[in-house]
Each structure stands twice: as C-alpha cells, then as structure tokens.
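Residue numbers (this note's numbering), protein chains in the order written: chain A, 177 to 489; chain B, 48 to 528.
A short write-up of the structure that comes next.
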C-alpha cells in the first residue's frame with residue numbers, strides 16, 4: 177500500500193464520516209427549533225463553534241455577534257464557498273480524494289459520491305427552504321451510509337481497509353465529542369431558570385438523535401433521558417458504535433493489523449486512559465465542554481502520530 | 048428515426064451515396080428506424096447521465112484547475128465490417144513491427160541511415176531523439192509497447208494511416224467506457240448482432256507489461272505512473288491501473304536507490320517496482336537527465352532503466368518515430384526492415400526540409416494541411432482551405448524559418464457518420480484510433496476509439512478541441528446473417 181494512497185483512504189473515510197455527522201447535526205437542529213415555543217430562541221452560534229468554524233464565520237458575519245440568524249448559519253455551514261469545511265466542501269474534498277484513489281475502492285463508491293456532489297451543487301441555492309434543506313441533508317446521510325455499506329460489503333480486508341476503519345473511528349470519536357459539546361454548551365437560549373431545566377432534556381434527546389443513538393439508548397437503558405446517562409452512553413458505552421470508547425476500542429483492534437508504530441500505540445493508550453477514567457456524574461455537574469476539549473486534543477495527537485508514522489515517510 | 052434525406056458530402060461509414068445502408072450497418076439502421084425522435088432523445092439523455100455518473104471526464108487545460116467535462120458521446124455507433132477490420136489490423140501490426148525495428152536501429156547501428164533510406168539530417172534535428180538512449184537494449188527489443196495509430200478514410204473510401212502515436216497515446220479507456228454506455232442504452236442490439244467485444248484490453252496490457260519484468264521468475268510489481276489528477280488523461284490512468292489491478296503512482300511515490308533499483312514508498316517501507324507503464328512525457332520523467340525542475344518524474348529513473356533494473360513502457364526515446372516528418376518514411380521502413388509492401392497506405396506527405404517539396408507546399412498553402420512535426424492534440428496546424436491569408440503568411444514564415452519542423456498533407460475529405468442531430472441524423476467527420484500492443488506477438492484492439500467532430504463541417508476531432516466519441520462496432524456480417 178502506497179503511503180500516499182493510505183493517507184488518502186484515511187482522509188476519505190474521515191471526510192465521509194464528517195459529512196454524515198454534520199448532516200445529522202444540522203437536520204436535528206432544524207427540527208429541534210420547530211419544537212420550541214415561539215418565545216424561545218434556538219442558539220445557532222454553538223453549532224458554528226462546535227464545528228471549529230467560529231473564526232471563518234466571524235470573518236463573514238462578525239456583525240451578528242453572539243446571536244447569528246438561522247439563514248446565515250445554515251448557509252455558512254452547508255454551502256458557503258468561503259468556508260473550507262462547509263458540508264458542500266467536505267463532500268467535495270471526499271470526492272477529490274476519491275478521484276486519486278479510485279482504483280483502490282469499488283467503482284460504485286465513486287458513482288455515489290459523484291452523484292452526491294452533483295446533487296449538492298444543483299441544490300445548494302435552495303438550502304434556506306426547510307423542505308429542500310431536509311431533503312438535501314437526508315440525501316447526504318443516505319449517500320454517506322451507502323458508501324460506508326459498499327466499503328463494508330465489498331472491500332477486501334487488506335491494509336487499505338484498515339486505514340479506512342482507522343479514519344472512520346477517529347472521525348466519529350471526534351464528531352461525537354463535538355456534538356456532545358454543542359448540546360452541553362446549550363442550543364436553546366432560555367428565558368429563565370425554569371426554561372433552562374425544561375429544555376435541557378429536549379436538547380440531549382436531540383443530541384442522541386443527531387448521533388442516531390436515541391433508539392439504542394432507550395433499548396439499553398430503559399430510562400428517560402438525563403444528562404448523566406446520555407453522557408455515559410455517548411462517551412463510554414461499549415456496544416454503541418458511535419460512542420467515543422467504542423471508537424477507541426475499534427482503533428485498538430485495527431492497530432495490530434497494521435505495521436507496528438510506537439508513537440501511535442502510545443497516543444491511543446493516553447486517549448483511552450482519559451476516556452476510561454472519566455466520571456459522567458461528576459462531569460454532568462459542569463465541565464463537559466472542558467473535558468470534550470481535552471479528548472479532542474488527544475485525538476488530534478493520535479492523528480498526528482498516524483500521519484507521521486504512515487503517510488509522511 | 049427517419050433516414051430519408053440523409054446525405055453526406057463525403058464517404059459515409061453507415062450509408063452509401065444513394066442513401067442505402069451499408070451491409071454491416073443495416074441491422075443497426077433498421078433498429079434505429081423504429082425509434083421516434085423523442086425516444087432517441089431519451090436514450091441520448093440516459094447515455095449522457097450514465098457517462099457523467101461514471102465519471103467519463105477529462106480536464107481541458109484552458110479551463111483551469113480541475114474542471115470536469117464529460118466527453119460528448121454520440122449514441123449512433125460507427126460500424127466496421129469484420130473482414131475490413133482484419134485487413135486493417137494486419138496493416139497496423141506490420142507498421143508497428145517496422146516502427147519498433149526503426150527505433151532500435153536509430154539508437155543502435157543506424158543501418159537505415161547508412162543504407163541512405165532515411166536521411167541522417169532528419170535524425171540530427173529531431174527533437175524527440177534522445178542521446179541518453181543510444182546503446183540501450185530494452186527487453187524483447189521493443190520500444191513502443193503501446194501505440195495509438197490514427198486512421199482516416201478519404202472521400203473515395205480508402206483508409207489511410209494519418210499518424211502513429213508512440214509516446215503516451217491516450218483514449219483507450221473511452222473506447223471501453225463507450226461500449227459500456229452503449230450496452231446500457233441499446234441492450235437489445237447486443238443480443239441480436241454479432242458485435243465483437245472490446246473489454247479484453249486491460250488484460251492484454253497487463254500481459255504486455257508483465258513480459259518486461261527484469262525478474263521473470265517472480266510475480267512482477269507493476270505500476271502506472273501518472274502526472275496526477277490535473278492531467279487531462281488522469282481518468283484513464285486510474286482506470287487502467289484499476290482494471291489491471293496494479294498500483295497507480297505519482298512521481299513522489301517512487302525513488303531510485305543507490306543500488307539503481309526503483310522503489311515505491313509504502314506504509315511498510317520501500318518496495319521494489321519492476322515495470323512502469325509511464326504516462327509522463329520523456330522530458331519530465333527524470334530530472335537527473337531531462338528537465339531538472341520537473342516534479343512529475345523520478346530522479347534516477349533513467350539510470351535504473353539503463354541498468355536493466357526497471358522496465359519502462361513506452362521506452363524513453365520511442366517518440367523519435369512519433370514525428371510527423373518521420374511518419375512519411377514508414378512505408379520505406381516497412382520495405383527496408385520487413386521486405387513487405389505496406390498494407391495500409393500513408394496519407395501522402397510533403398516534407399518541407401526537401402527544397403522541391405517545400406516549394407510545392409509554399410505554393411499550395413491554401414489547399415494543404417500543414418502540421419508541425421511534434422505537436423499533438425491538433426494544435427499548431429494550418430488547414431489551408433479554411434485559413435485566412437494572414438494565417439497562411441504566418442505559416443509561410445514559420446516553414447521558411449524551420450523547414451525540418453513542418454510537413455504538409457492534402458486536405459482529405461474525411462469520412463462521416465451520422466450523429467443524432469436536433470431534428471434528424473446529421474453527418475459529421477470522424478477518425479479512428481486503434482491501439483496496438485507489442486510484445487512477442489502483437490495485439491490490436493477490436494476497432495478502437497472513434498473520435499467525431501461534433502461541429503458541422505469541422506475536421507478537427509480532438510477531444511481537447513470539442514470533439515466527441517462514438518462506440519465502434521466491428522460486426523461479423525457473415526455470422527449475423
């Protein structure tokens with residue numbers, strides 16, 4: 177496996193997983209907003225921040241300050257050409273990378289991603305209409321899942337596949353912490369203390385939906401949604417495939433199938449330790465956002481170790 | 048579709064001068080007659096969508112970074128009777144045998160020059176002659192492993208060789224994809240007609256490359272070397288690597304060690320490469336020997352090749368025979384090396400380095416097509432009958448300044464085939480590019496890539512200048528009955 181190709185497979189799976197998570201998050205946010213009483217405002221700003229795009233957003237919409245409007249945020253996160261990590265750009269990056277590794281992956285992957293790209297390009301101007309937006313986001317989720325399924329069903333379990341799995345796992349762990357971060361930071365602007373309490377559960381329910389986790393959560397925990405339990409589930413559940421711990425365990429399973437590299441193993445060990453020792457009860461009293469930041473820093477370190485060990489030779 | 052009233056001003060591949068279908072095309076035309084205009088338009092749309100989704104795209108340089116454009120595909124196939132094709136294929140085999148002998152001779156004993164069949168002066172001034180290749184003996188004495196020859200038919204029906212592309216000919220993937228599109232759009236026809244398949248090419252190419260390995264006992268490690276995704280033929284490089292199941296590499300993926308062996312950078316560490324099907328031009332392939340600032344190539348690759356540690360296809364220097372002036376000598380090469388009469392005639396050529404022929408060319412600029420020796424893609428040509436006085440004066444100056452670099456040919460009335468016009472089928476000029484693989488035996492594709500000028504009356508079929516493509520059917524009429 178060429179180092180360049182391995183790197184591209186890794187990035188392809190990261191962008192693919194990122195696009196899917198972004199689409200879910202925006203879909204759920206748009207729906208949560210519809211459930212709020214008219215006097216309660218949905219806070220769009222945390223979505224921008226959680227996706228690491230605050231600086232780019234402020235360059236374009238700085239005058240809107242802490243309470244940007246729906247149209248600006250939605251347009252920015254979905255289709256803004258000036259935003260290098262808009263959903264449109266993320267799909268575009270996945271497609272560009274796929275062009276360079278087409279010979280490695282099933283042809284249907286290219287057909288699907290190319291189709292998705294053309295669909296987004298054709299419908300980009302309509303994302304401010306709610307129905308069109310939802311249709312587009314559903315389309316993105318479906319397309320990404322279709323490619324994931326093609327990879328799972330049709331790709332030989334060779335070394336290249338391990339890099340795909342590695343990228344998917346790191347990206348999902350990262351996106352899960354980001355989506356938790358967004359909910360913890362508050363997606364609703366409360367009018368008073370009662371509001372804050374009343375909408376908290378609603379937000380965490382949305383968050384579970386954004387990670388396709390609500391149904392699994394109910395089945396497993398058989399309880400109403402609470403911050404502590406949702407956090408426990410998304411951070412440390414050993415069976416739910418989008419939980420952070422599950423993703424890290426998957427990386428642990430992948431590494432022995434790749435050429436052994438110490439810095440990668442060490443970095444993973446540190447990340448696992450951090451998540452393993454986390455106490456959801458304590459965190460849910462405050463400190464979720466800080467903790468998620470720490471996990472993200474560890475994941476970034478893991479990414480750098482992978483980059484150095486396998487791609488930059 | 049209504050064929051009454053369809054008339055071409057030239058030889059037409061499907062319909063004769065009286066408006067009757069040619070024999071091999073009759074089942075196709077009968078079938079198409081059963082469609083309404085609307086049904087055909089729907090199928091054309093289906094073909095366009097299929098092609099676009101499959102990603103049959105190529106980058107056109109002038110459109111800047113990474114602009115995808117689908118190669119226009121016309122629904123109506125071009126049909127060639129099998130018997131005619133067999134003779135054409137024999138002619139192509141003969142040409143490539145002579146051309147490979149010529150290249151080896153030029154870099155070796157130069158017998159053809161000593162025998163005064165080929166002028167020494169032409170060799171001396173050839174921009175594609177590579178002194179670095181003198182004395183090299185590549186495996187099987189083959190230099191041009193992959194050749195794409197352009198064939199054209201004149202108004203009287205004669206099929207001519209127009210040029211032989213021996214450097215890095217492209218287009219074969221379109222031939223294969225065109226067939227895939229046609230099968231999806233006209234499945235019924237493939238059930239009832241004896242249309243010979245074309246999809247064997249990647250396997251044949253693999254065998255051609257594997258035969259060159261410097262380590263004959265082991266499974267060879269083969270790579271396709273591409274300039275990268277912004278190259279106009281990148282799609283094809285990826286396609287061929289994919290369908291052969293070999294690595295697609297860029298210059299940065301390879302390096303040559305102190306042991307002169309060529310390696311790829313992999314996640315396991317360096318791995319030896321045996322055969323490289325390179326789609327990077329000679330001049331960019333090795334900064335140690337050619338353009339020192341090239342980032343597309345691999346430092347030391349020529350050293351490795353000369354040492355016999357890696358095989359390159361096509362061999363560096365093979366382009367010496369891919370020169371429109373050298374082209375004029377192919378019939379003489381066939382006689383000199385093979386002792387045979389050429390099966391395929393050359394398009395008649397006038398060489399400007401010869402004073403008598405130059406005088407003729409300069410006196411007839413308004414009637415001839417003038418071509419520079421080394422351009423490809425249809426650039427830098429003068430089409431006399433369509434040119435302005437100013438353009439002709441410009442070419443007069445160019446020729447007088449550098450006669451070796453120019454040749455001229457009569458303006459052929461290229462044959463036509465119908466394309467699906469807005470209201471009715473309309474004739475458009477076309478050519479044919481078959482691909483020829485040389486190893487111990489010689490393989491010729493079944494038909495080839497038909498390129499068609501989509502603009503009315505245009506004679507330029509190059510994809511870089513708005514040409515399109517058609518599926519090409521070699522049809523066994525005897526079997527089809």
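Ideal Cβ positions, reconstructed from N, Cα and C, are used throughout, including at glycine.
Output yes if chain A places a C-beta closer than 8 Å to the C-beta of residue i; else output no.
i: residue 289 of chain B; result: yes
i: residue 426 of chain B; result: no
i: residue 473 of chain B; result: no
i: residue 314 of chain B; result: yes
i: residue 296 of chain B; result: yes
i: residue 285 of chain B; result: yes
i: residue 111 of chain B; result: Low confidence applies to residue 111 of chain B: its pLDDT is 38, below 50, so where it sits in the model is not reliable, and the reading given next is rough at best. No, no contact with chain A.
i: residue 321 of chain B; result: no
i: residue 276 of chain B; result: yes
i: residue 311 of chain B; result: yes
i: residue 107 of chain B; result: For residue 107 of chain B, the predicted model reports a pLDDT of 42, less than 50, meaning its position is unreliable and no value from the coordinates is stated.
What three-state label does DSSP hand residue i in the structure shown?
i: residue 485 of chain A; result: helix
i: residue 224 of chain A; result: helix
i: residue 423 of chain A; result: helix
i: residue 418 of chain B; result: strand
i: residue 324 of chain B; result: strand
i: residue 53 of chain B; result: coil
i: residue 476 of chain B; result: strand
i: residue 316 of chain A; result: helix
i: residue 273 of chain A; result: helix
i: residue 194 of chain B; result: strand
i: residue 210 of chain B; result: strand
i: residue 58 of chain B; result: coil
To the nearest angstrom, report how far apart residue i and residue j are at their CA atoms.
i: residue 293 of chain A; j: residue 273 of chain A; result: 13 Å
i: residue 167 of chain B; j: residue 158 of chain B; result: 11 Å
i: residue 459 of chain A; j: residue 345 of chain A; result: 24 Å
i: residue 185 of chain B; j: residue 362 of chain B; result: 8 Å
i: residue 178 of chain B; j: residue 313 of chain B; result: 34 Å
i: residue 466 of chain B; j: residue 500 of chain B; result: 10 Å
i: residue 186 of chain A; j: residue 252 of chain B; result: 30 Å
i: residue 433 of chain B; j: residue 191 of chain B; result: 35 Å
i: residue 287 of chain B; j: residue 471 of chain B; result: 36 Å
i: residue 126 of chain B; j: residue 522 of chain B; result: 7 Å
i: residue 477 of chain A; j: residue 447 of chain A; result: 9 Å
i: residue 270 of chain A; j: residue 282 of chain B; result: 17 Å
i: residue 339 of chain A; j: residue 179 of chain A; result: 11 Å
i: residue 292 of chain B; j: residue 177 of chain A; result: 13 Å
i: residue 241 of chain A; j: residue 257 of chain A; result: 21 Å
i: residue 262 of chain B; j: residue 319 of chain B; result: 11 Å
i: residue 416 of chain A; j: residue 479 of chain B; result: 58 Å
i: residue 436 of chain B; j: residue 450 of chain B; result: 20 Å
i: residue 224 of chain A; j: residue 230 of chain A; result: 6 Å
Shorter than 8 Å from the beta carbon of residue i to some beta carbon of chain B?
i: residue 372 of chain A; result: no
i: residue 178 of chain A; result: yes
i: residue 335 of chain A; result: yes
i: residue 481 of chain A; result: no
i: residue 486 of chain A; result: yes
i: residue 265 of chain A; result: no
i: residue 190 of chain A; result: no
i: residue 276 of chain A; result: yes
i: residue 298 of chain A; result: no
i: residue 432 of chain A; result: no
i: residue 215 of chain A; result: no
i: residue 182 of chain A; result: yes
i: residue 491 of chain A; result: Any question about residue 491 of chain A goes unanswered here, given that chain A covers just 177 to 489.
Answer yes or no: do residue i and residue j have a C-beta to C-beta separation smaller than 8 Å?
i: residue 380 of chain A; j: residue 359 of chain A; result: yes
i: residue 351 of chain A; j: residue 203 of chain A; result: no
i: residue 311 of chain B; j: residue 296 of chain B; result: yes
i: residue 367 of chain B; j: residue 153 of chain B; result: yes
i: residue 491 of chain B; j: residue 139 of chain B; result: yes
i: residue 228 of chain B; j: residue 82 of chain B; result: no
i: residue 524 of chain B; j: residue 124 of chain B; result: no
i: residue 59 of chain B; j: residue 460 of chain B; result: no
i: residue 307 of chain B; j: residue 351 of chain B; result: yes
Curious, which full-length alpha helix (DSSP H) runs of at least 4 residues does the segment 303 to 377 of chain B contain?
348 to 353 and 371 to 374
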